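For the sequence shown, counting from 1, position 38 maps to 31 in this note's numbering; every step adds exactly one. Read through the structure below, which is laid out as structure tokens, and then see the notes.
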Amino acid sequence: AALVFLFVIEKFHIWEKSPENPEARPHAKPSFDYSSRVWLGTPGIAAMTKYSLAFMLTFAFGVAILPEKQLESKGIENLTVKKARGENILFIDGNRDAYGVAFDHARHIDSLHLKDSCYVCHHMNIPLDKNSGCWECHEYMYSESNVFNHDWHASQAGANIACGKCHPDNDVRTKQTAKKCIECHTDMLTEPEEHPFERLATASYTDALHMQCVSCHKEKAVSVPDKQNLAECASCHESAPPEHLYELLKWYDTKPSYNRVILPLEKSNQEEEKSL
């Protein structure tokens, strides 16, 4: 209401003669601020100076009283991946936001002649398993995870393995001096020459699938006729869920502004790996 009143007074000439500020006259002598006894300039500049100072002090006070935890960034959320659903046709929807990708597993095997080459995609197995799923090692949707749990191997509740089994007794116990995982887990790598084990940290689920799928799609886009657009996002990612899912998702909060974001590839956490 006050703003409307001031606007009307200023624009519609309610008064026959608008009030005049004595300090705005051309020959007015400079006046001093009563609190600091410092001349702050013409009325317009003086007001701007006062308001700016008031804003800065208020802002600084507001930041000072914020809880410390609210000022710290939590970074990328460790969103645990869920297993793909289906059998011959898999619905890859790791974060369960219903904006997944339909992956025809059987068709890829037949068309790419991969019946005896599972290692192209399933390049590493968890212990006592074959053709382990992507989600079992690439545990988090948007952040790296660790394929090696040092505490579990060394603890009594876990494998209860003595330090000397992996680290030499006469040397510093670091990642560089430890045995290679494949020395004990001989069946961990399906094709060691094609996919050597080089890092303890695994890429995020999103990055792993994109690197695996897109790299192959780029090759096929050149070699396969009428597949020039195979490497484009739209060839796998639809702009909306399939029609048969609309009714099921009627009351489902998909949060597309968050869950459909594709984050850049992370760098490995070197410090974390060295501490193992």
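Don't be surprised by glycine CBs; every beta carbon is placed ideally from N, CA and C. Predicted, not measured: the structure shown is a model, and the values here were computed from it.
Note down, in chain order, each residue of its chain lying with its Cβ closer than 8 Å to the Cβ of residue i, except the 5 sequence neighbours on either side.
| i | result |
| --- | --- |
| Tyr112 | Thr183, Glu184, Glu187, His188 |
| His230 | Tyr92, Val94 |
| Lys173 | Phe190 |
| Asn222 | Ala214, Ser228 |
| Arg166 | Cys156, His160 |
| Ser148 | none |
As a quick exercise: from the options, pick the residue whose alpha carbon is nearest that of residue i.
| i | options | result |
| --- | --- | --- |
| Ser216 | Phe141, Leu105, Leu121 | Leu105 |
| Thr199 | Ala53, Glu61, Gly93 | Gly93 |
| His98 | Arg78, Asp90, Leu223 | Arg78 |
| Cys226 | Glu212, Pro218, His203 | His203 |
| His131 | Val(-3), Trp145, His115 | His115 |
| Lys168 | Arg192, Lys211, Trp128 | Arg192 |
| Ala17 | Ala40, His146, Phe48 | Ala40 |
| Asn71 | Ser110, Asn88, Lys22 | Asn88 |
Per DSSP, residue i is paired with what?
| i | result |
| --- | --- |
| Thr167 | Paired residue(s): none; Thr167 is not in a bridge. |
| Thr195 | Ser138 |
| Leu182 | Met117 |
Starting from the C-beta of residue i, find all residues in its chain whose C-beta is less than 7 Å away, skip the five residues before and the five after it, and write them out in chain order.
| i | result |
| --- | --- |
| Glu3 | none |
| Ala171 | Cys159, His160 |
| Lys76 | Gly126, Trp128 |
| Pro120 | His178 |
| Ala224 | Val207, His210, Lys211, Ala214 |
| Asp164 | Thr170 |
Quick check: what's the CA-CA separation for residue i versus residue j?
| i | j | result |
| --- | --- | --- |
| Lys220 | Gln205 | 18 Å |
| Asn14 | Thr35 | 11 Å |
| Asn118 | Asp180 | 7 Å |
| Glu176 | Ala57 | 55 Å |
| Leu(-1) | Pro60 | 39 Å |
| Val207 | Met134 | 17 Å |
| Thr73 | Ala201 | 14 Å |
| Phe84 | Phe96 | 6 Å |
| Ser250 | Asp90 | At Ser250, the pLDDT of 42 sits below 50, so the modelled position is not reliable; the number obtained from the coordinates is stated separately. When rounded, the distance between both Cα atoms is 11 Å. |
| Lys211 | Asn124 | 24 Å |
| Lys248 | Val140 | Caution applies to Lys248, whose pLDDT of 48 falls short of 50 and renders its modelled position unreliable; the model cannot decide the point. |
| Ala21 | Ile38 | 15 Å |
| Pro19 | His6 | 23 Å |
| Ala47 | Asp86 | 51 Å |
| Asp162 | Asn153 | 17 Å |
| Glu80 | Pro218 | 28 Å |
| Phe54 | Ala(-6) | 29 Å |
| Asp103 | Asp122 | 24 Å |
| Val(-3) | Met49 | 27 Å |
| Thr51 | Val1 | 30 Å |
| Ile82 | Ser110 | 19 Å |
CB-CB under 6 Å to residue i, same chain, minus the five flanking residues each way: which ones, in chain order?
| i | result |
| --- | --- |
| His101 | none |
| Gly151 | Trp145 |
| Lys43 | none |
| Ser45 | none |
If you measure from the beta carbon of residue i to each beta carbon in chain D, is any gap under 8 Å?
| i | result |
| --- | --- |
| Asp164 | Annotation note: the requested chain D is absent from the structure, which comprises a single protein chain. |
Which runs of the alpha helix (DSSP H) at least 4 residues long sit entirely within the region 63 to 144? Give them in chain order. 98 to 105, 127 to 130
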